[in-house]
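*Asks:* Would you mind keeping the following structure in view while I ask a few things?
In the UniProt record's numbering, the protein residues as written are 1 to 281.
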């Protein structure tokens, strides 16, 4: 009989995934990592028993945090990823052949190494791409100290508990704003608003103070349960006003096959339901 992993991220709500086979279970300096096989979602990665990504539905999350800002920008050459140790975000970013350089900052080298071995389908060769520079460092410290400039910054953080907590602060967002080029775009993972409304509200207050064009967009990822997930959006450039036909042209030129992202979905993702709108300042 199979075991079940019960995720208890939220105080009043939980989800469970069947563990057909436990493939990896080890505690690192920062967190406990598990990888197991599930009949529907394939290989599943958890940190401290909270689902981070799955072989089956990761494409939704990764596509929406990469293709939305990169195609909206239209001329991005340098991208920074904070987090994303499994390599899925780097995989999607590097599908844009127009990019010159991608920097990825991951706090836990153990996540990268075991992902290469146990979740190679997520990175799909991204760690070997010569355009990628992998930095093992605290994302907040890197952002505070860097003098580099980036066209797109993607914050692929865990939830705002433990090591990921500092990536949701006003100070961190301020440092990120300083590291953007003039028309650069910052996008962030901001949880499931129905269950984590304060997380989105707090980030949006900071974004409102920092950016001329700020807000969030959404996507529905099955294993991030509780409704659609929100992604923070901040820029001082014109990227938020790109018309559909221009997005379509950029998407066609990029020649990227996607499972979730389309230019139509891109535009529609910024249309927010009332309960999410009310969480914005």
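The C-beta atom is built at its ideal place from N, Cα and C for all residues, glycine as well.
Any idea if residue 108 is buried or exposed, counting beta-carbon neighbours within 10 angstroms, 16 or more meaning buried?
*Replies:* Counted from its first residue, the chain shown places residue 108 at position 108. Residue 108 is buried by the Cβ-count criterion.
*Asks:* Any contact of the region 52 to 59 with the region 34 to 44, i.e. 3+ C-beta pairs under 8 Å?
*Replies:* Touching, yes, given that three or more Cβ pairs across the two stretches are closer than 8 Å.
*Asks:* Across which residues does DSSP place residue 192 in a beta bridge pair?
*Replies:* Residue mapping note: residue 192 aligns to position 192 of the chain shown, counting from 1. In the DSSP output, where bridge partners are listed per residue, residue 192 has none listed.
*Asks:* Is it buried or exposed, residue 27, if we count other Cβ atoms within 10 angstroms and call 16 or more buried?
*Replies:* Along the chain shown, read from residue 1 onward, the residue named residue 27 stands at position 27. Looking at its Cβ environment, which holds fewer than 16 other Cβ atoms inside 10 Å, residue 27 is exposed.
*Asks:* Determine the direct distance from the alpha carbon of residue 188 to that of residue 160, and round the result to whole angstroms.
*Replies:* Indexing the chain shown from 1 puts residue 160 at position 160. Indexing the chain shown from 1 puts residue 188 at position 188. Because residue 160 sits at a pLDDT of 48, beneath the cut-off of 50, its placement in the model cannot be relied upon, and the following sentence gives the value as read from the coordinates. Near 12 Å, if we compare the C-alpha coordinates of residue 188 and residue 160.
*Asks:* Using the C-alpha atoms, what's the distance from residue 212 back to residue 242?
*Replies:* As a working mapping, residue 242 is identified with position 242 in the chain shown. As a working mapping, residue 212 is identified with position 212 in the chain shown. Using only the alpha carbons, I get a separation of about 15 Å.
*Asks:* Rounded to a whole number of angstroms, what is the C-alpha to C-alpha distance between residue 238 and residue 250?
*Replies:* Within the chain shown, residue 238 is the residue found at index 238, counting from 1. Within the chain shown, residue 250 is the residue found at index 250, counting from 1. Going by the C-alpha atoms only, they are around 15 Å apart.
*Asks:* First and last residue of the alpha helix (DSSP H) that includes residue 265?
*Replies:* Residue mapping note: residue 265 aligns to position 265 of the chain shown, counting from 1. Looking at the DSSP string, the run of the alpha helix (DSSP H) that includes residue 265 is 263 to 268.
*Asks:* Taking the straight line between their C-alpha atoms, what separation do you get for residue 198 and residue 204?
*Replies:* The residue you call residue 198 lines up with position 198 of the chain shown. The residue you call residue 204 lines up with position 204 of the chain shown. Whole-angstrom Cα-Cα distance: 10 Å.
*Asks:* Among 193, 252 and 206, whose alpha-carbon lies nearest the alpha-carbon of residue 272?
*Replies:* Walking along the chain shown from the start, residue 272 turns up at place 272. Ranking the options by Cα distance to residue 272, first place goes to 193.
*Asks:* Out of 175, 106, 236 and 258, which has the shortest C-alpha to C-alpha gap to residue 144?
*Replies:* Counting from one through the chain shown, the residue named residue 144 turns up at place 144. Of 175, 106, 236 and 258, the residue nearest in Cα terms is 175.
*Asks:* What is the rounded straight-line gap between the Cα of residue 170 and the Cα of residue 206?
*Replies:* Locating residue 170 in the chain shown gives position 170, counting from the first residue. Locating residue 206 in the chain shown gives position 206, counting from the first residue. Straight-line Cα distance between these residues: approximately 6 Å.
*Asks:* Excluding the 5 residues flanking residue 78 on each side, which residues of the same chain have their C-beta closer than 6 Å to its C-beta?
*Replies:* On the chain shown, residue 78 is found 78 positions in, with the first residue counted as 1. Cβ neighbours of residue 78 beyond the five flanking positions: 101, 150 and 151.
*Asks:* So, using beta-carbon positions, are residue 191 and residue 230 closer together than 8 Å?
*Replies:* Position 191 of the chain shown, counted from the first residue, corresponds to residue 191. Position 230 of the chain shown, counted from the first residue, corresponds to residue 230. Contact: yes.
*Asks:* Taking only three categories from DSSP, how would you classify residue 111?
*Replies:* Residue numbering aside, residue 111 sits at position 111 when the chain shown is read from its first letter. Helix, per DSSP.
*Asks:* State yes or no: is the C-beta of residue 87 within less than 8 Å of the C-beta of residue 36?
*Replies:* As a position in the chain shown, residue 87 is number 87, starting the count at 1. As a position in the chain shown, residue 36 is number 36, starting the count at 1. No; because the gap between Cβ atoms is not below 8 Å, this pair is not in contact.
*Asks:* Can you tell me where the alpha helix (DSSP H) with residue 92 in it begins and where it stops?
*Replies:* Indexing the chain shown from 1 puts residue 92 at position 92. Counting along the chain, the alpha helix (DSSP H) containing residue 92 begins and ends at 88 to 93.
*Asks:* Residue 132 and residue 90 look like a contact to me (Cβ under 8 Å); what is the Cβ gap, rounded to whole Å?
*Replies:* By 1-based counting over the chain shown, the position of residue 132 is 132. By 1-based counting over the chain shown, the position of residue 90 is 90. At roughly 6 Å, the Cβ-Cβ gap stays under 8 Å, so residue 132 and residue 90 are in contact.
*Asks:* Can you look up residue 100 in the DSSP assignment and give me helix, strand or coil?
*Replies:* Taking the first residue of the chain shown as position 1, residue 100 is located at position 100. It is coil, neither helix nor strand.
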